[in-house]
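Residue numbers (our numbering), protein chains in the order written: chain L, 347 to 655; chain G, 837 to 1268.
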């Protein structure tokens, strides 16, 4: 006869199994199976129009080594990770510093809402709006610069030379608004007693922020870095809509990340590349690259001393 | 008695219903996927024709108004085994997306079909120039056009009259016109480098004039790059460089970062004197153009000692393609012939401000100049000389970036020809 504790364990295990199995099945169907299929397709030359697939082994992977557009899309993704990461985390921290120092809760909520609003708008609408703002001839930025006598600073923001910066500014604008909510939630968890102790030691607001808030936001910062790294490779709507020159043009190669380039290779817009097999190989590389980067980031953060409270 | 009658009636009904439903199921249904969206004037003309066709032929047309991404939209359906009979799109996208994958049915037989109620064959009614460039070497044709698109230099006739400018025919005259426009305080040519269709227009038209139709297509597929060693490619590069700000500065200010629709708006507002574009431009700009704006269009200028036909002009139609092994292939082709009736062609012209391939239906007044150039043309060529559809990866990875460099003035004609050769060789080195 089973003891009460053994019965409980048995029942508990069955409950866990009942809870996990459906999720695991969903995960296998919607994650593992598509990944496995993509891996399979990546070994074929296949347009996706018919079931005719030609097995080419690692041919698609070999082709990538000499594909300039693929190389530039990987490089762009890495640039988004690095420059975007520094700007987004930096600006978000500065906003966190400013907003946490407000005494009025209403003001805090108001600023937070204003910053978050872009995240509630469709990426395509925002990307088009940003394109209008940066339009060379009649955009808000150049017009304003001219109006205040700084016309020499006006640039062709959507040209090859500046378009990466223009796209990055759009992504920074959107993501700062998102991460600020996460950072402020993290900052709100920090016990007041720590700030009071710092005040007793005569610490300034900035000192309190750098020695109390930032170290204790370590987990939040790590999560945001990981999220941003993944986004840099797979963010699609903003870049696709912003970088397109209109009239069916593909987004400029100067701003394409791997996800956008992959889509264009698989389906194209006006340019009917239609290489689903090759795009599947790119998807495999995307998966491996993101996994590697996330591992590196996690290791880096692990090497930083964790502060508990 | 009453009960018996009821049972008999029910039994009879049970016997009859399956036959009735068989009859209903037997009514053929054409599956048609269209590039037009619900509500567009083009969609409304086709919808009217569908309604008439259904009534006259006793069939059903199951139409999906899919929008411009129609060739991508049909992919998963075809893979899932769904029957699709008819698709419409631009010739380039039909050839690059559908015909290139071997799933298009030859449309040559449609040319021999009678147009209903007219007693004439399709081939006798539509101009050969509207599809000629799409007949493959083996004689196969995979599209029947219902709308014709060409391209040229657009200008405001009122403005040209005011400035006493005649539309040029030679490169020298063109440069003189550009100078006059500049002197009058206008940018000579509206242009946006970041919009692919704009970026491509001038280069392939220059190449068609200097080397002739098919030259770019052949060079794109030449794995050795030797075709780009022809000195006339340097000449092409020199002309392209001349358009740039470092050459003869013909493009409008800020063109390197300009995107659709800014250039065409600059042109319509008379800030720029000319605009090179497809014949769809009056449709897009009419609402913004004032009532005094008179659309004029002249073909790409000719160069001294050019190889090609000086009358050659682009003709890239929109049309129907029927899918190979479609269940209702014959019926779908009948619909194609049905839609080419004069009444629908007239609606196409009047309601959508586009040209029809029918020879007996005049173009709208905005498109008369370009229609005249088309009628005079001894040869026609495909948009981008077909490289976007036939070699799409080369187009994206080699052609567009090198064009960006020369049109920005970063490289000259000699460097252009060398880069085209080198990049083409590198591109094909690792591909089939």
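We treat Cβ as the ideally placed atom computed from N, Cα and C, and that holds for glycine. Since the model is a prediction, treat every value here as computed from it, not as a measurement.
Starting from residue 541/L, follow the alpha helix (DSSP H) in both directions and report where the run begins and ends.
538-546
Residue-chain proximity (residue 1041/G, chain L), Cβ-Cβ < 8 Å:
no
Going straight from the alpha carbon of residue 1065/G to that of residue 1257/G, what length do you get?
7 Å
Would you say residue 469/L faces chain G, with C-beta separation under 8 Å as the test?
no
Going by beta carbon distance, what residues of the same chain come within less than 7 Å of residue 601/L, once the five residues before and after it are set aside?
422, 509, 510, 513, 585, 589
Under 8 Å Cβ-Cβ, which residues of chain G neighbour residue 594/L?
904, 1032, 1033
Look at the Cβ atom of residue 956/G, then the Cβ atom of residue 947/G, and state whether they are nearer than 8 Å.
Their beta carbons are not under 8 Å apart, which means residue 956/G does not touch residue 947/G by this criterion.
On the DSSP bridge assignment, give the partners of residue 590/L in chain order.
597/L
If the criterion is Cβ atoms closer than 8 Å, does the pair residue 954/G and residue 1178/G meet it?
In contact: residue 954/G and residue 1178/G (Cβ atoms closer than 8 Å).
Can you tell me which of the three DSSP states residue 1005/G falls into?
coil
Kindly indicate if chain G contains any beta-carbon less than 8 Å away from that of residue 481/L.
Yes, residue 481/L counts as interfacial toward chain G.
Does the region 1209-1228 of chain G touch the region 1002-1019 of chain G, meaning 3 or more C-beta pairs lie closer than 8 Å?
no
Can we say the region 589-598 of chain L touches the region 433-451 of chain L, given the rule of at least three CB pairs closer than 8 Å?
no
Report yes if the CB atom of residue 620/L is closer than 8 Å to the CB atom of residue 613/L, and no otherwise.
yes
Under the rule that 16 or more other beta-carbon atoms within 10 Å means buried, what is residue 486/L, buried or exposed?
Exposed, since its Cβ has fewer than 16 Cβ neighbours within 10 Å.
For residue 788/G, tell me which candidate among 879/G, 1030/G, 881/G, 1071/G has the shortest Cα-Cα distance.
The structure shown does not extend to residue 788/G, since chain G spans only 837 to 1268, so no value can be given for it.
Kindly indicate which three-state DSSP category residue 956/G falls into: helix, strand or coil?
strand
Residues in the region 933-965 of chain G with C-beta within 8 Å of chain L's C-beta atoms, listed in sequence order?
Result list: 933, 934, 936, 937, 938, 939.
Exposed unless 16 or more other CB atoms sit within 10 angstroms - verdict on residue 484/L:
So residue 484/L ends up on the exposed side.
Would residue 1225/G pass as an interface residue toward chain L - the criterion being a Cβ-Cβ separation below 8 Å?
yes
Check whether the Cβ of residue 860/G lies closer than 8 Å to any Cβ atom in chain L.
Any reading at residue 860/G must be qualified, since the residue scores a pLDDT of 48, below 50, and its modelled position is unreliable; no value is offered.
Would residue 495/L count as contacting chain G if we go by Cβ distances under 8 Å?
no
Answer yes or no: do residue 1249/G and residue 1073/G have a C-beta to C-beta separation smaller than 8 Å?
yes
Beta-carbon separation of residue 1094/G and residue 1028/G under 8 Å?
yes
Residues near residue 571/L by beta carbon distance below 8 Å, same chain, minus five either side
431, 435, 643, 647
If you draw a straight line from the alpha carbon of residue 942/G to that of residue 574/L, how long is it in whole angstroms?
50 Å
Could you tell me if residue 940/G is buried or exposed, where buried requires 16 or more neighbouring beta carbons within 10 angstroms of its beta carbon?
buried
Could one say the Cβ of residue 597/L lies closer than 8 Å to chain G's Cβ atoms, at least one of them?
no
So residue 1267/G contacts chain L; which residues on that side make the cut at Cβ distance below 7 Å?
409
Buried or exposed by the 16-neighbour rule on C-beta atoms within 10 Å, applied to residue 1127/G
exposed
What residue does the beta strand (DSSP E) around residue 988/G start on, and which one ends it?
987-992
Chain G contact residues for residue 414/L, given Cβ-Cβ distances below 7 Å
1233
Pair within 8 Å by beta-carbon distance, residue 395/L and residue 937/G
yes
Rounded distance between the beta-carbons of residue 1129/G and residue 990/G, thought under 8 Å:
Wrong, their Cβ atoms sit about 11 Å apart, outside the cutoff.
Please list the residues of the region 347-381 of chain L that have a C-beta atom closer than 8 Å to any C-beta atom in chain G, keeping them in chain order.
Here the close residues number zero.
With a threshold of 7 Å (Cβ to nearest heavy atom), would residue 403/L be considered close to the ligand ATP?
The ligand ATP is not among the ligands present in this structure, which contains no ligands whatsoever.
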